[in-house]
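Heads up: the structure comes next, in structure tokens.
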Ligand code: INI
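Residue numbers (the numbering used here): 6 to 168.
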């Protein structure tokens, strides 16, 4: 049986990060986690791009441009949407998530969702920490895995077709 479980990504991938400046003190931590994951997987700095946008709502448009360019194998979205009494929360978080999944499916490029959506600053800090797990790290690894999975699946499907 053909199976892809946890593919081991190569070091030849090009990855773009889109990061929101809103709640920057949290997003900086997510970015650190994401960069650490890319370092550990041997993705050199010249294979990475980083674009800052004002807030999470703006992430999908830039993610789309990067995905459509054909220059990047995956896009990693980083942001922090904190409820904290803002009526914006559902719109910003919802549109960001919807926009990013649309980019990924329309462009056929893995886009991973490292946008925290939390009720409080404390919860956001917890998810962006170095000790208790860092969402930025996790979504960077997920992006590399998805690229590798798609590569392996493409080879398998090609093989089936030429049988
Ligand atoms: N943007 C965020 O990234 N996080 C938030 O918590 C947030 N809140 O609370 O409003 C937020 N708003 C800004 C939004 O993303 C846009 O930048 C803004 O509306 C301009 O279009």
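Glycine included, every Cβ here is placed at the ideal spot set by N, Cα and C.
In the structure shown, residue 137 falls within a coil segment according to DSSP collapsed to helix, strand and coil.
The straight-line gap separating the alpha-carbon atoms of residue 10 and residue 81 is approximately 21 Å. Secondary structure of residue 146 (DSSP, three-state): helix. From the listed residues 121, 148, 125, 147, the smallest Cα separation to residue 34 is found for 121.
Here the C-alpha atom of residue 107 lies approximately 21 Å from the C-alpha atom of residue 140. Proximity annotation: the ligand INI has residues 25, 27, 59, 60, 61, 62, 84, 86, 87, 91, 93, 97 in chain order, each selected because its CB is closer than 5 Å to a heavy atom of the ligand. Counting along the chain, residue 119 sits inside the beta strand (DSSP E) bounded by residues 116-123. Across the set 13, 76, 25, the C-alpha of 13 shows the shortest separation from the C-alpha of residue 47. A straight line joining the alpha-carbon of residue 19 with that of residue 79 spans about 7 Å. For residue 63, the closest of 38, 43, 29, 101 by C-alpha to C-alpha distance is 101. Annotation: residue 30 to residue 24 spans about 12 Å, alpha carbon to alpha carbon.
Under the three-state reduction of DSSP, residue 112 is assigned to helix. Exclusion of the five residues before and after residue 7 leaves 161 as the residues of its chain whose Cβ lies within less than 8 Å of its Cβ.
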